[in-house]
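Data first, discussion second: the structure below is written as structure tokens.
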Amino acid sequence: MSTAPMSTSVEPTPVEGMHLTPEEFERIALADPDRPWELHRGRLVEKPAMVFRHNDYMFLVGHFIASQLDLSRYRVRVNAGHVRHPATSYYIPDVSVILLDQAASFIDRDDVLETYPGPLPLVVEVWSRSTARVDLQKKLPDYMARGDREIWFFHPFQRTIRAWRRREDGGYDEIELTGGVAELHALPGVTIDLDQLFTLA
């Protein structure tokens, strides 16, 4: 007696460059959690591995900020969690600050990708040879379109920060930080001693 094979739904093997809908991307990212998948204007991209200096700055920036936050309200993410552009992009910032209220719908769920469609207090990208052009040409305008309150592009070798701070009218003021104590625009009282940071890293 023969038995007809059962029909099963198989998720396609992810291939960099695939064009996906947001729903398809979220399924793939959840099914393949060991790989840092991003979606760039509908195209699947794996975030590349980084060098020591890049990773060290991510950790130190996240550590300095987290040590000053009210952890009953905020969390810091270092190379984790996706921010979503309203169209078809999902990015993993090098460092970001989230409000726990923004995660309330999925904190205790293991079937929902950690994704933030709303603006965040801070998003940080650290310069690297492999991602610098994408960060400036794609991620920066998408972060601005999302309304993120402050955006930092950190150059670990030049030891400079380009910061964009959102104004009340929706535009952004751009400044360059090279030292001293920087107070975060959307997190009053939270500061980073850049001279100390540059010395440590």
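Residue numbers (this note's numbering): 3 to 203. Yeah, the Cβ is synthetic: ideal placement off N, Cα and C, and Gly gets one too. Since this is a predicted model, take the numbers as computed values, not measurements.
Distance cut-off 7 Å: residue i Cβ against heavy atoms of the ligand NAP
i	result
residue 124	Of ligands this structure carries none, so the ligand NAP is not represented either.
N-terminal and C-terminal residue of the beta strand (DSSP E) that residue i is part of
i	result
residue 87	84–87
residue 188	Note, residue 188: premise wrong, no beta strand (DSSP E); not H, not E.
residue 147	It is not in any beta strand (DSSP E) - residue 147 instead sits in the alpha helix (DSSP H) that spans 142–148.
residue 100	97–101
CA nearest to the CA of residue i, picked from the options
i	options	result
residue 42	143, 36 and 128	143
residue 100	108, 66, 141 and 123	123
residue 106	95, 118 and 137	118
residue 137	103, 161 and 94	94
Three-state secondary structure assigned by DSSP to residue i
i	result
residue 155	strand
residue 67	helix
residue 40	strand
residue 203	coil
residue 131	coil
residue 8	Residue placement at residue 8 is poorly supported in this model, since its pLDDT is 45, which falls under 50; the coordinates still yield a value, given next. Residue 8: coil per DSSP, three-state reduction.
residue 55	helix
Spatial distance of residue i from residue j (CA atoms)
i	j	result
residue 132	residue 193	29 Å
residue 27	residue 180	38 Å
residue 185	residue 37	34 Å
residue 25	residue 55	35 Å
residue 156	residue 175	16 Å
residue 129	residue 203	14 Å
residue 15	residue 112	21 Å
Boundaries (first-last residue) of the alpha helix (DSSP H) holding residue i
i	result
residue 29	24–33
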